[in-house]
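In the working numbering, the protein residues as written are 42 to 79.
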């Protein structure tokens with residue numbers, strides 16, 4: 042079994058991964074808009 046520290050580390054890791062994906066998709070949208078405005 043995973044202890045509490047391990048579970049928390051997994052949870053934080055998952056949150057960071059999700060945050061990174063969201064940030065990347067936001068940058069992707071901004072880039073698409075910028076290309077359209079040029």
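Ideal Cβ placement from N, Cα and C applies to all residues, glycine included.
Assuming residue 44 is part of the alpha helix (DSSP H), what are its boundary residues?
First-last for residue 44: undefined, no H or E at that position.
Quick one: residues in its chain with C-beta nearer than 7 Å to the C-beta of residue 62, no 5 flanking neighbours on either side, listed in chain order?
Counting only Cβ-Cβ distances below 7 Å, and skipping sequence neighbours, we find nothing.
Report the rounded CA-to-CA distance for residue 65 versus residue 48, giving the unit in angstroms.
26 Å
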